[in-house]
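S.K.: A single structure is presented below for examination.
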Amino acid sequence: MYTPQTKFRAYIAFLISTLSIAGMATGCGAPQETKAAASTTMNVTHGETPLSVLYAGSMTHVMENDIRPAVNTTLHINLQGEGAGSAELAHMITGKVADPDVFISASPSVDTNDLMGNANGNAIRWYLTLASDQLVIAYSPHSRFRSKFQEAAQNKLPWYQVLATPGLRLGRTDPNLDPKGADTIVMMKLAEKLYHQPNLEQTLLGNDENPKQVYPEEDLIAQLTSGQMDAVIAYKHEAIEWHVPYISLPSAINLGDPADAQAYAKVAWQPKHGKPIIGAPILFTITIPNRAPHPAAAATFVRYMIHGQGHTMLMRDGFTATKIEVGGDEAAVPQSLLSTIQGKLS
């Protein structure tokens with residue numbers, strides 16, 4: 020179960036490991052260089068550039084298994100990363116617990132609401148769209164409700180009726196810490212309208228932080244594959260990389276179709292703190308924070324992720340290509356990345 024105590028212990032562990040790394044660097048660099056961006060122990064060999072990347076927890080598999088070794092070989096970059104809920108990572112940046120070279124979010128709203136502006140210490144000034152995705156219902160092939168899931172996947176049974184089955188265990192992420200968790204609530208609100216089911220969100224999710232359902236982003240797959248969960252609300256790329264079956268949702272509610280952007284925007288969810296989350300197509304973004312210790316290497320990595328082999332790996336992992344658009348101050352984007360921009364987010 021994902022409780023406040025769990026989050027606190029995770030935060031303390033992160034802080035301790037961060038300070039340990041900083042301590043090793045004391046006395047041999049500027050104060051900024053002593054700040055770590057991730058809880059991973061640095062192991063940089065001669066000739067490699069260290070690069071700290073904080074990324075959406077749903078990207079952990081592709082980042083650790085594909086992109087990390089590839090950038091080491093092709094770019095001679097030693098990528099040190101940490102995956103968690105995007106909003107949670109943003110708070111670590113603004114709280115100066117972490118100073119990453121690159122930040123990858125699962126939603127532009129995290130960039131604009133949690134990192135930009137005076138209230139957030141102007142932690143970032145711009146971001147680029149990286150890839151798009153959609154929500155699906157991933158289910159365990161070993162679940163005792165497997166036959167019902169299969170019927171729903173074949174449109175023989177409404178998916179929401181299956182999720183309402185007594186005893187079925189559904190998992191999702193914390194909407195206050197992770198965009199996917201917030202998108203899950205938005206999706207349910209859209210489903211209420213589409214299916215004319217006014218109490219659907221409450222019936223299927225309970226309260227926003229229902230402790231029986233909410234788990235850290237990086238733990239969801241373990242909950243599903245271990246049999247502790249029958250189904251989880253996931254991004255499509257996660258179901259593909261996990262090799263688990265899933266139920267596709269209509270484009271009117273899956274937040275995956277830019278053509279439905281206006282319809283998505285008709286619903287919103289208010290988190291505990293900050294601005295309301297307005298329904299919008301799911302977009303992953305990438306940026307270089309203002310305090311990045313290695314900005315030149317960071318720009319090289321961002322280009323690799325947008326147009327290079329990194330982008331190819333994302334597509335192979337199940338992400339969907341999207342137009343590369345800039346959010347925020349385009350004049351602040353590194354010169355080497357300007358040619359990649361195909362438009363500006365409104």
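Residue numbering for the sequence shown follows our numbering, starting at 20 and increasing by one per position.
By construction, the Cβ of each residue, glycine as well, lies at the ideal position given by its N, Cα and C atoms.
By alpha-carbon positions, which one of D118, D85, S77, F164 ends up nearest to A142?
M.R.: Sequence index remark: in the sequence shown, residue 142 carries index 123 (1-based). Of D118, D85, S77, F164, the residue nearest in Cα terms is D118.
S.K.: Going by the beta-carbon positions, is the gap between Q153 and K291 smaller than 9 Å?
M.R.: Indexing the sequence shown from 1 puts residue 153 at position 134. Indexing the sequence shown from 1 puts residue 291 at position 272. Going by C-beta atoms, Q153 is not nearer than 9 Å to K291.
S.K.: Out of F320, G329, T359, which one is the CA nearest neighbour of S71?
M.R.: What you label residue 71 is simply residue 52 of the sequence shown in a count that begins at 1. The residue with the shortest Cα to Cα distance from S71 is F320.
S.K.: Classify N226 as helix, strand or coil using the three-state DSSP reduction.
M.R.: Within the sequence shown, numbered from 1, the residue matching residue 226 stands at position 207. In the structure shown, N226 sits in coil (DSSP, three-state: anything other than H, G, I, E or B).
S.K.: Given this structure, state the Cα-to-Cα distance separating S365 from E344, to the nearest angstrom.
M.R.: In the sequence shown, residue 365 corresponds to position 346, counting from 1. In the sequence shown, residue 344 corresponds to position 325, counting from 1. Approximately 10 Å, taken between the alpha carbons.
S.K.: Given this structure, state the Cα-to-Cα distance separating N226 from N195, to the nearest angstrom.
M.R.: Indexing the sequence shown from 1 puts residue 226 at position 207. Indexing the sequence shown from 1 puts residue 195 at position 176. Rounded to whole angstroms, N226 to N195 spans 12 Å at the Cα level.
S.K.: Among D120, G114, L108, S105, which one has its Cα closest to the Cα of L98?
M.R.: As a first step, residue 98 must be located in the sequence shown, where it is residue number 79. Checking every option, the nearest Cα to that of L98 belongs to D120.
S.K.: Who are the Cβ neighbours of L182 in its own chain at under 8 Å, not counting the five residues just before and after it?
M.R.: Numbered from its first residue, the sequence shown carries residue 182 at position 163. Cβ within range, chain order: I156, L189, L223, A250.
S.K.: Just the C-alpha distance for P160 and P264, rounded to the nearest angstrom, thanks.
M.R.: As a first step, residue 160 is located in the sequence shown; it is residue number 141 there, counting from the start. As a first step, residue 264 is located in the sequence shown; it is residue number 245 there, counting from the start. Cα-Cα distance, rounded: 7 Å.
S.K.: Using a Cβ cut-off of 9 Å (strictly closer), state whether A350 contacts chain D.
M.R.: Reference to chain D is not applicable here, since this structure consists of a single protein chain.
S.K.: Could you tell me whether the segment 296-316 touches the segment 123-133, where touching means 3 or more Cβ pairs closer than 8 Å?
M.R.: A contact exists between the segment 296-316 and the segment 123-133.
S.K.: Is it buried or exposed, H313, if we count other Cβ atoms within 10 angstroms and call 16 or more buried?
M.R.: Here the question's residue 313 lines up with position 294 in the sequence shown. When all chains shown are included, H313 counts as buried.
S.K.: Using a Cβ-Cβ cutoff of less than 8 Å, which residues in the same chain neighbour I360 once the five nearest sequence positions on both sides are dropped?
M.R.: Here residue 360 refers to the residue found at position 341 of the sequence shown. Closer than 8 Å at the Cβ level, and outside the excluded window around I360, lie L147, I343, E344, V345, E349, V352.
S.K.: Starting from N181 and walking both ways along the alpha helix (DSSP H), at which residues does that stretch end?
M.R.: Here residue 181 corresponds to residue number 162 of the sequence shown, with the count starting at 1. Residue identity check: residue 181 is Val in the sequence provided, not Asn. Unbroken alpha helix (DSSP H) run through V181: 178-182.
S.K.: Once the 5 residues before and after S355 are set aside, which same chain residues still bring their CB inside 7 Å of it?
M.R.: Taking the first residue of the sequence shown as position 1, residue 355 is located at position 336. The residues are A318, R322.
S.K.: Which complete beta strand (DSSP E) runs does the segment 97-183 hold, if anything under 3 residues is left out?
M.R.: Counting only runs of 3 or more, we get 121-124, 145-151, 154-158.
S.K.: What's the call for L333, buried or exposed, on a 16-neighbour Cβ count within 10 Å?
M.R.: Position 314 of the sequence shown holds residue 333. By the neighbour-count rule (16 or more Cβ atoms within 10 Å), L333 is buried.
S.K.: Going by beta carbon distance, what residues of the same chain come within less than 7 Å of W145, once the five residues before and after it are set aside?
M.R.: Position 126 of the sequence shown, counted from the start, is the residue given in the question as residue 145. Around W145: T306, V345, G346, G347, D348, E349, A351, V352.
S.K.: Between T113 and the rest of its own chain, which residues show a CB-CB distance below 8 Å, the 5 nearest in sequence each way excluded?
M.R.: Counting from 1 along the sequence shown, the entry for residue 113 is found at position 94. Excluding residues within five positions, the ones whose Cβ falls inside 8 Å are D133, L134, N139, G140, A142.
S.K.: Within the same chain, show all residues whose beta-carbon is closer than 7 Å to that of P287, passing over the 5 residues directly before and after it, in chain order.
M.R.: For this step, residue 287 is matched to residue 268 along the sequence shown. Position check: residue 287 holds Ala in this sequence, whereas Pro was assumed. Only P295, I296, I297, G298 meet the Cβ criterion.
S.K.: Output the distance between the C-alpha atoms of N273 and T304, rounded to the nearest integer angstrom.
M.R.: Here the question's residue 273 lines up with position 254 in the sequence shown. Here the question's residue 304 lines up with position 285 in the sequence shown. Cα to Cα, N273 sits roughly 19 Å from T304.
S.K.: Spatial neighbours of N309 within its chain, please: C-beta separation below 8 Å, excluding the five flanking residues on both sides.
M.R.: Mapped onto the sequence shown, residue 309 falls at position 290. Closer than 8 Å at the Cβ level, and outside the excluded window around N309, lie N141, A142, I143, R144.
S.K.: What number of angstroms, rounded off, separates the C-alpha of R165 from the C-alpha of T184?
M.R.: As a first step, residue 165 must be located in the sequence shown, where it is residue number 146. As a first step, residue 184 must be located in the sequence shown, where it is residue number 165. About 12 Å.
S.K.: Assign K199 to one of two classes, buried (16 or more other C-beta atoms within 10 Å of its C-beta) or exposed (fewer than that).
M.R.: Translated into positions along the sequence shown, residue 199 becomes position 180. K199 should be labelled buried.
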